[in-house]
Structure formats: structure tokens, C-alpha cells
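The structure under discussion appears below in the form of C-alpha cells.
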Ligand SMILES: *Cc1c(COP(=O)(O)O)cnc(C)c1O
Ligand code: SF4
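Numbering (our numbering), first residue to last: 2 to 350.
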């Protein structure tokens, strides 16, 4: 097994970071149980004044704070502008109503094929396996998604499997959510075996942020079940900032790649998080050092409550051009935008 050692990234006030104690020893399910679920608690741990939080924000009722211990350990203390904190802390700007930002910007409520399944593009269908996530990202376009109605339970898989089996144009199934790795390995194993019985399927793709926020989720059992399948597994993770790729996460990604599973990363271009060429260049370099390919850089979906994260497209284009001048071609992600009704994610050109 390759031991991945990352160059230490100097962080101002590094000594003020919360101690790592505990986070690394927890298994993934305990990590979920120990997640911080309250903005005031998050501020107390990080030694921030709670006044930066909008506690009365109704969005927190629907989409509350959720930060697991590993991710928490990467956030700098006493820094209200920390780019990792910004992704998880609800602030007053979330409750602003901004023209053009809506609850369902992608029109996903209308493209359901049936329970727990979504198909927008040729050849691949997406299964919504879980409404839950291991972290609540404030910019998420699914923050208003009707998950409780959308996620298929194992009892409802039969219907989805029958639909996939009936459509021979499908070559790939994407497991998504929410986060599909919120399901225990036993259930994933069962689903993977059932999908492998469908002869026209070739690949199984997993879209998950869990390897980044709870790297312990990359269990040997998970790797074994993916490696053993007839279907070729592909993995897409989601990291937005180079500091999300510490040594522990790097080792988890390394275990996937060592098992022969291709790993791609998608990021979202976010104001105050990664809207600078130096930050994105470092993110992409760390990814390729870990043998993870930067796949997409998404223009923010215009979801209500996330307007303060938006970076204008002109600015995004400029950053991408600067990245192209600095990095090898394979290290530059495709800058894309999702337009409802389009046949693919569209390059921002
Ligand atoms: C993004 C997405 C995919 C995957 O698109 P690729 O370009 O193949 O990565 C598939 N289905 C749905 C519904 C999606 O939103
Ligand atoms: S993990 Fe993904 S789906 Fe879940 S809140 Fe974050 S961006 Fe959204």
C-alpha cells in the first residue's frame, strides 16, 4: 500500500486549531453521531462570537448545521473567514431573497423517472439512495430538495431496478443522494450485486463527499465490494479547498486508487472559499499528487440562500484561463454549468 504523505501546508495561527484528538480514531458511524449540529456550539468550539451566525435563520430549521469531527478538526479557530467554516456555517445572508435564486433551480422536481431515480442524460441514470449527507454544505443546490419523498428505500429498490433493467440504453448507474455512502456497506453490497445482474450495465459510479469529510468511510469492506463487482467502479468525490485534503483524507483516497478505482473530484466555484487562482491551483495540484483527477468545476446553481457564494462567470473564466497557464492539462477541471433541460452539463465557454 502506498503511504501518502502530503506536504505540510502552513496555516496562519496553526497552533490555534482544535486538537485532532479523537477525530481520527472514530469509525464513520460514530463520527456521524459526534457531528456538531448546532451553530452556537460550532462557534463555541471554534472560539467565535455567535453574532456572526444567523441563529433565527429559518434555513437552519430545514437544513441544520451538520459538521463531522474530522472536518471540524480542519477548521481554523478564531477565524470567521475560514474557507472551510464558510461552507458549513449559516450566516444572515442565507435568508436574503435574491431575484433569480430559487428552491429548485435545476427543475429536478420534474425529471424523476420514478421513486429514487433521476435521469437527465443519455446512457446514465442516477439513483437517489439517501436523503442524508455527512456534512451540510450551505451552498448546496439540494438544500430544498424533497429528499424524504425522493430517496428510495431498499424496499423500493425493486421498482428502480426493474426500470433500469428495462432500459437497455443505460450503461452506467450513478449512486447519489444526498450521499450514497450514508448507507451501510451491507446494503451497498446488496444493491451492487443486484445492479451487476443487469447485463447492459457496464459501470457503477459513486458520487460522495464522505471520503473528504469522514475519511474513515473508505472501509476495506467498501473497497472489496467495489473491486469484486462485475461493474467497473468509478468514484467522484467533492473537495473545494486544498485544506480539505489533509493526510488522513489523502490516505483514504490513496486506498481507493491503490485498489484500481479511478477517482475524480468535482468542486463548486465559491465566493470566499476558492475564488482565487492560487487556491484552485493548490487544490488541483494536491488532487493530482493524490492521483485524483480534477473533473468539474461547477458554476454555482442559483439556489435560494446561496447567492452570497456566487462568483460571476466572467471571473470564473479568467481563473480557469490562469489555471491553464499554470498547470498541466490533466490538472485543469472543466468549468461547467447546469442548464435545466440541457443534454449534458455545459461548458462555460
Ligand atoms: C451530473 C449528473 C450526471 C453525471 O453527469 P456526467 O457529465 O456524466 O458526470 C448524471 N445524472 C444526473 C441527473 C446528473 O445531475
Ligand atoms: S455533501 Fe453534497 S449533496 Fe450533501 S449537502 Fe454537501 S454538496 Fe449537498
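Positions of the beta carbon are idealized from the N, C-alpha and C atoms, including for glycine.
This structure is a prediction, so every number in the text was calculated from the model and none was measured.
Exercise. Could you tell me which residues DSSP pairs with residue 338 in its beta bridges?
Key: Position 337 of the chain shown holds residue 338. Per DSSP, 347.
Quiz item: Which one of 170, 200, 227 and 161 has the shortest CA to CA distance from residue 190?
Solution: By 1-based counting over the chain shown, the position of residue 190 is 189. With distances taken between Cα atoms, residue 190 lies closest to 227.
Self-check item: Continuous beta strand (DSSP E) assignments of at least 3 residues falling wholly in the segment 169-220
Solution: 173-178 and 204-208
Practice problem: Would you kindly work out how many angstroms separate the C-alpha atoms of residue 106 and residue 311, rounded to a whole number? | Solution: If you number the chain shown from 1, residue 106 lands on position 105. If you number the chain shown from 1, residue 311 lands on position 310. The straight-line gap from Cα to Cα measures roughly 14 angstroms.
Quiz item: What's the C-alpha gap between residue 59 and residue 23?
Solution: As a first step, residue 59 is located in the chain shown; it is residue number 58 there, counting from the start. As a first step, residue 23 is located in the chain shown; it is residue number 22 there, counting from the start. Below a pLDDT of 50, predicted positions are generally treated as unreliable, and residue 59, at 48, falls in that range; no measurement from the model is reported.
Quiz item: How should residue 108 be labelled, buried or exposed, when 16 other C-beta atoms within 10 angstroms of its C-beta is the threshold for buried?
Solution: Residue 108 sits at position 107 when you count from the first residue of the chain shown. Classification of residue 108: exposed, given that the 10 Å Cβ count is below 16.
Practice problem: Identify every run of the alpha helix (DSSP H) within the segment 54-111, keeping only runs that are complete inside it and at least 4 residues long; order them along the chain. | Solution: Secondary structure within the segment 54-111: the alpha helix (DSSP H) runs of 4 or more consecutive residues, fully enclosed, are 59-63, 70-74 and 84-89 (chain order).
Quiz item: Looking at C-alpha atoms only, which residue of 276, 290, 283 and 39 is the closest neighbour of residue 299?
Solution: As a working mapping, residue 299 is identified with position 298 in the chain shown. When 276, 290, 283 and 39 are compared, the shortest CA-CA separation from residue 299 is found for 276.
Exercise. Please report the residue range of the beta strand (DSSP E) in which residue 125 lies.
Key: Here the question's residue 125 lines up with position 124 in the chain shown. Counting along the chain, the beta strand (DSSP E) containing residue 125 begins and ends at 125-131.
Practice problem: Could you tell me if the beta carbon of residue 175 falls within a distance shorter than 7 angstroms of some heavy atom in ligand 1? | Solution: Indexing the chain shown from 1 puts residue 175 at position 174. Residue 175: yes, Cβ under 7 angstroms from ligand 1.
Self-check item: Distance between residue 119 and residue 156 (C-alpha atoms, nearest Å)
Solution: Mapped onto the chain shown, residue 156 falls at position 155. Mapped onto the chain shown, residue 119 falls at position 118. The alpha-carbon atoms of residue 156 and residue 119 are separated by roughly 18 angstroms.
Quiz item: So is the beta-carbon of residue 125 under 7 angstroms away from any non-hydrogen atom of ligand 1?
Solution: The count along the chain shown starts at 1 and reaches residue 125 at position 124. Under cutoff, so the answer is yes.
Quiz prompt | Delimiting residues of the beta strand (DSSP E) encompassing residue 119 | solution = Residue mapping note: residue 119 aligns to position 118 of the chain shown, counting from 1. Its beta strand (DSSP E) spans residues 118-122.
Self-check item: Own chain partners of residue 153 with C-beta closer than 6 angstroms, once the 5 adjacent residues on each side are dropped
Solution: Taking the first residue of the chain shown as position 1, residue 153 is located at position 152. Cβ neighbours of residue 153 within its own chain (closer than 6 angstroms, five residues either side excluded): 116, 117 and 161.
Quiz prompt | Cβ separation of residue 212 and residue 249, assumed to be a contact under 8 angstroms, to the nearest whole Å | solution = Translated into positions along the chain shown, residue 212 becomes position 211. Translated into positions along the chain shown, residue 249 becomes position 248. Contact doesn't hold; Cβ gap of about 10 angstroms is too wide.
Quiz item: Taking residue 196 as the reference, which of 74, 163, 178 and 181 has the closest Cα?
Solution: Here the question's residue 196 lines up with position 195 in the chain shown. With distances taken between Cα atoms, residue 196 lies closest to 163.
Quiz item: Any idea which residues DSSP pairs residue 268 with across the strands?
Solution: Your numbering for residue 268 matches position 267 in the chain shown. Note: residue 268 sits in a beta bridge opposite 298.
Quiz item: Regarding residue 44 and ligand 3, is the C-beta to nearest heavy atom distance less than 7 angstroms?
Solution: Looking for ligand 3 in the displayed structure turns up nothing; the ligands present are ligand 1 and ligand 2.
Quiz prompt | Residues near residue 86 by beta carbon distance below 6 angstroms, same chain, minus five either side | solution = Reading the chain shown from its first residue, position 85 is the one you call residue 86. Correct list, in chain order: 76.
Quiz item: If you drop the 5 nearest sequence neighbours on each side, which residues of the same chain put their C-beta closer than 8 angstroms to that of residue 193?
Solution: As a working mapping, residue 193 is identified with position 192 in the chain shown. Taken in chain order, the residues that qualify are 205, 226, 227, 230 and 232.
Practice problem: Within its chain, find whatever has a CB closer than 6 angstroms to the CB of residue 323; leave out the 5 residues flanking it on each side and keep chain order. | Solution: Translated into positions along the chain shown, residue 323 becomes position 322. Excluding sequence neighbours, residue 323 sits near 278.
Exercise. May I ask you to check if the CB of residue 171 is nearer than 7 angstroms to at least one heavy atom of ligand 1?
Key: If you number the chain shown from 1, residue 171 lands on position 170. Residue 171: no, Cβ never under 7 angstroms from ligand 1.
Quiz item: Comparing alpha-carbon positions, which option in 297, 78 and 349 lies nearest residue 50?
Solution: Counted from its first residue, the chain shown places residue 50 at position 49. The shortest C-alpha separation from residue 50 is found at 78.
Quiz item: Within 7 angstroms: the Cβ of residue 352 and any heavy atom of ligand 2?
Solution: Residue 352 is absent from the structure shown; the chain starts at 2 and stops at 350.
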